[in-house]
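The listed protein sequences correspond, in order, to chains A and B.
Per my numbering, residue 373 is the first one in the first sequence, and the count goes up by one each step.
Per my numbering, residue -8 is the first one in the second sequence, and the count goes up by one each step.
C-beta: ideal position from N, C-alpha, C; glycine also.
Given the structure is predicted, the values throughout are model-derived calculations rather than measurements.
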Amino acid sequence: MNGPGDSPAPRPRRKKVVLADSRAPVTVLRTVVELEEQTSWAEEVVRSFIRTQFKDAVKFAIGTMLLFGALPLAFYLFPELSDVEFAGVSLPWLLLGVLPFPVLFAIGYWYNLVAERNERDFVDMVEK
Amino acid sequence: MELNPWAVVAIGLVSLVTFSLGFRSSRLASTTQDFLVARRTVRSRRNAAAVSGEYLSAASFLGVAGLVLKDGADALWYPIGFTAGYLVLMLFVAAPLRRSGAYTLPDFCEARLGSAGLRRLATATVVFIGILYLVPQFQGAGLTVHQILPSVPSWIGSALVAVLVIVNVFGGGMRAVTLVQAFQYWLKLFAIAAPTFILCVLFFSQGGVSGLGATGLSEPLPPRFTRDAVVTVETDVVLQVKDGVLLWANGRVHGTAVTGPTYWGPGDHPVDEGTELRFSSGSETPVVHPAVLDNASWLRPVTGTGDLFTTYSLIIGLFLGTMGLPHVLVRFYTNPDGKAARRTTLHVLLLLGLFYVFPILIGALSRVYAPELLVAGRTDAAVLALPLKIAPNTLGEILGAVTAAGAFAAFLSTSSGLVVSVAGVLSTDILKGRVRDFRFGTALAGGVPLALALVLRPSDISLSIGLTFALAASTFSPVLLLGIWWRKITWVGAAAGMVVGGSMVLTSIVLTTVSGYTGGWAPSFLLQPALVTVPVAFLVVVITSKATQSRVPPDTNRTRLRMHAPDRLGFIRDRDIARFGTVQEHTRLANGRHRR
Chain A
373 MNGPGDSPAP RPRRKKVVLA DSRAPVTVLR TVVELEEQTS WAEEVVRSFI
423 RTQFKDAVKF AIGTMLLFGA LPLAFYLFPE LSDVEFAGVS LPWLLLGVLP
473 FPVLFAIGYW YNLVAERNER DFVDMVEK
Chain B
-8 MELNPWAVVA IGLVSLVTFS LGFRSSRLAS TTQDFLVARR TVRSRRNAAA
42 VSGEYLSAAS FLGVAGLVLK DGADALWYPI GFTAGYLVLM LFVAAPLRRS
92 GAYTLPDFCE ARLGSAGLRR LATATVVFIG ILYLVPQFQG AGLTVHQILP
142 SVPSWIGSAL VAVLVIVNVF GGGMRAVTLV QAFQYWLKLF AIAAPTFILC
192 VLFFSQGGVS GLGATGLSEP LPPRFTRDAV VTVETDVVLQ VKDGVLLWAN
242 GRVHGTAVTG PTYWGPGDHP VDEGTELRFS SGSETPVVHP AVLDNASWLR
292 PVTGTGDLFT TYSLIIGLFL GTMGLPHVLV RFYTNPDGKA ARRTTLHVLL
342 LLGLFYVFPI LIGALSRVYA PELLVAGRTD AAVLALPLKI APNTLGEILG
392 AVTAAGAFAA FLSTSSGLVV SVAGVLSTDI LKGRVRDFRF GTALAGGVPL
442 ALALVLRPSD ISLSIGLTFA LAASTFSPVL LLGIWWRKIT WVGAAAGMVV
492 GGSMVLTSIV LTTVSGYTGG WAPSFLLQPA LVTVPVAFLV VVITSKATQS
542 RVPPDTNRTR LRMHAPDRLG FIRDRDIARF GTVQEHTRLA NGRHRR
């Protein structure tokens, strides 16, 4: 053992560090635990998040169904639509054979943005 | 059709490449026993190609073009529905299902609703849907082999593909090998896109419709033969004639033997199996019975209220049916997390959209070039037959070989995926889950559909696939959608919905099959029952669940949190790792270390 001030380099002692890194998202951990434990607050938060996601998904689904569901009825009620031609291809064939695919992709792309934004918002809210 | 040696070579090549790719990948990855290992290593783009590769079956590759050739604008709903099913999957199912960690549909039912009985019911349904989906794949294979080797009866082709698939799955080569399925997608895309481009160029260089002397696609007349044609009718058919046609027949027409030139007036003409018909260039084409006769109504969508019902029924069945197909959902498990599952689905939408434009074009071109397919009732052969009709030379033979190779890729990939998922479910849920059981399950999952494919009369591939989608939509889609989004669902409700929805569709399947043998008396809505059965199944689930609220599983809130919480919060758990892994994997995964 060395006395105090005796040696310039005392052996570093093992330190116990508790929650040293203040930048670590401690609150996230706490909220995650809280979510897991199903406190009434957590239950409400999760439920409202699921509701948001569900509402958005339903909005997109209804939009898609209206868009595509209207087509057969429109062709049934207005048969003259079939006589319209663009560049030698009749309108129903364009509307049914070519256009749906980019439209479906666009809807999917848009929904993906919305759903990921919802998830980010939820994580942000939980982390605060 | 005479022997096309190119096609034989092409099919051999496809089989060889599929085998060797599968074999090499399964050797390269040290523990490729199943999807567990592929998980977290597969990026969404390749995964999407694999999903599409497995999904594009005989119905997509051959069936869509055949139905477009026969039914025209109304058939365009098939490719739309096949694609839009993935949009619905993405909106409601993809991410939560991946996060639930369930590996198969029965597993999801058990995880969410905590009932072993429901799991068994779901298992039976998965097996049934898988078998029903496999039958047309094998029949399509028979058709393809018969088309390129006319002297070989079609059952040999079916048996060949079934044996190939079973052997492949036995060896484990196809199992979990994402690369193979991804390769199959690009192969299929090439095999249909390249011939379509070249055929379109040839079509326009030959002067289009008018240059050929064919019936314009908007004229109110049936298609005309552009050159002399010989057609052998292979099953009993009723042919409809619009204006009258002079032909040469050898066989039985109207129940009496005919040999020599005859004249058919307007109306229906029943023709017996084995009859040979010869038409001269420029004469009108008789069309098999329920198909539309003249080009103007072929071009026009929805011509009556019956059409309207069938169309909406088809839309519902296909939009909601995709999520209930056993081989589709298993693939989603290879995604690392819920977000990636959603992105994979988005890519799938792109890849499928890219593909489906081509079979539609081929169907329309066949209406001009290959009307004799309408006479024989073999419209599903359009993709295979069209190249030689447009270019009756070496170029046509090569293009025909390319499409035949693509069709073969379609049978191989879809049936392998189906056999693997059905055999997996059989071996783990019904048998004891040993390797021996998996092999037994494979033999069963391949053998039973093969027997059915040989016994049952081949109908249009896409139509029977449509019924399979209706079955999936009326059994699994209510359980999935309500299970993921509705808090109050109980296992009793889910079981009741599956039983009611499933038995309604089954009844209509049996009725249409019986009526197919006994004169076709079944009304057309039985072919597309989804518009009725799907809402009924949903209603039964809701009402029964409301009546049995005491059986809501106690951990519902926790399950819901796990399914919906964003991936970053880390609630995702994988179920049943031990059940699907080997001993080594079991210990490794139990230690919490995953391959990255």
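With 16 or more other Cβ atoms from the protein chains shown falling within 10 Å of its own Cβ, PRO277 (chain B) counts as buried.
When beta bridges are read from the DSSP output, TRP177 (chain B) appears opposite no residue. Here PHE440 (chain A) is buried: its Cβ has 16 or more other Cβ atoms, across all protein chains shown, within 10 Å. Within the DSSP secondary-structure output, VAL8 (chain B) pairs in no beta bridge. Considered as a whole, the stretch 50 to 99 of chain B harbours 55 to 62, 68 to 79 and 85 to 91 as its complete alpha helix (DSSP H) runs of no fewer than 4 residues, in chain order. Think of a sphere of 9 Å around the beta carbon of GLU452 (chain A): no beta carbon from chain B falls inside it, the nearest being about 10 Å out.
Between TYR176 (chain B) and LEU53 (chain B) the beta-carbon gap is near 16 Å, outside 8 Å, which marks them as no contact.
Contacts between THR436 (chain A) and chain B, judged by CB atoms closer than 9 Å, involve ALA75, LEU78, VAL79, LEU82 and PHE310 in chain order. Sorting B:ARG551, B:ASN38, B:LYS233 and B:LEU78 by C-alpha distance to the C-alpha of ASP259 (chain B) places B:LYS233 at the top. By the Cβ neighbour-count rule, ILE456 (chain B) is buried, with 16 or more other Cβ atoms within 10 Å of its own.
Within chain A, not a single residue places a beta-carbon under 9 Å from that of VAL359 (chain B); the smallest gap is close to 14 Å. Here DSSP, grouped into helix, strand and coil, assigns ARG243 (chain B) to strand. In the three-state reduction of the DSSP assignment, GLU225 (chain B) falls in the coil class, being assigned neither a helical nor a strand state. Shown here, TRP512 (chain B) sits in coil according to DSSP, grouped into three states, outside any helix or strand. GLU406 (chain A) does not reach chain B, its nearest Cβ partner there being about 11 Å away, counting only Cβ pairs nearer than 9 Å. By the criterion of at least three beta-carbon pairs nearer than 8 Å, the stretch 464 to 483 of chain A is not in contact with the stretch 301 to 320 of chain B. For the pair PHE429 (chain B) and LEU473 (chain B), the CB atoms are not nearer than the 9 Å cut-off.
Taking 4 residues as the shortest admissible run, the stretch 378 to 440 of chain B contains the following complete alpha helix (DSSP H) segments, listed from N- to C-terminal end: 385 to 416.
Taking C-alpha positions only, PHE421 (chain A) is separated from LEU78 (chain B) by approximately 21 Å.
Residue pairing of TYR254 (chain B) in beta bridges, as defined by DSSP: B:LEU237.
Close CB contacts of THR95 (chain B) within its chain, under the 8 Å cut and outside five residues either way in sequence, are with VAL117, PRO317, LEU320, VAL321, SER412, GLY415 and VAL416 (chain order). In the structure shown, ALA113 (chain B) adopts helical secondary structure according to DSSP, grouped into three states.
Taking a cut-off of 8 Å on C-beta distances, the stretch 96 to 110 of chain B does not touch the stretch 334 to 351 of chain B, as fewer than three cross pairs fall below it. Neighbours of LEU47 (chain B) in chain A, taken as residues at a C-beta separation under 7 Å, are lacking, since the least C-beta distance is about 14 Å. Linking VAL486 (chain A) to ASP428 (chain A) through their CA atoms gives a straight-line distance of about 8 Å. Note on GLN172 (chain B): 16 or more other CB atoms within 10 angstroms of its CB, so buried under the neighbour-count rule. Neighbours of VAL418 (chain A) in chain B, taken as residues whose beta carbon is under 9 Å from its own, are ASN548, ARG551, LEU552, HIS555 and ALA556 in chain order. Bridge pairing for LEU230 (chain B): B:HIS260 and B:VAL279 [DSSP]. When the Cα atoms are used, GLY329 (chain B) and GLN425 (chain A) turn out to be separated by approximately 13 Å. Distance between ALA556 (chain B) and VAL8 (chain B), taken at the CA atoms: about 42 Å. Taking 9 Å as the cut-off, the beta carbon of LEU60 (chain B) is found no closer than this to the beta carbon of SER304 (chain B). Around the C-beta of ALA436 (chain B), 16 or more other C-beta atoms lie within 10 Å, and the residue is accordingly described as buried. With a threshold of 9 Å between beta carbons, TRP413 (chain A) makes no contact with chain B. Secondary structure at SER499 (chain B): helix, using DSSP grouped into helix, strand and coil.
Under the three-state reduction of DSSP, GLU210 (chain B) is assigned to coil, being neither helix nor strand.
In this structure, LEU109 (chain B) places its C-beta atom within 9 Å of the C-beta atom of TRP482 (chain B).
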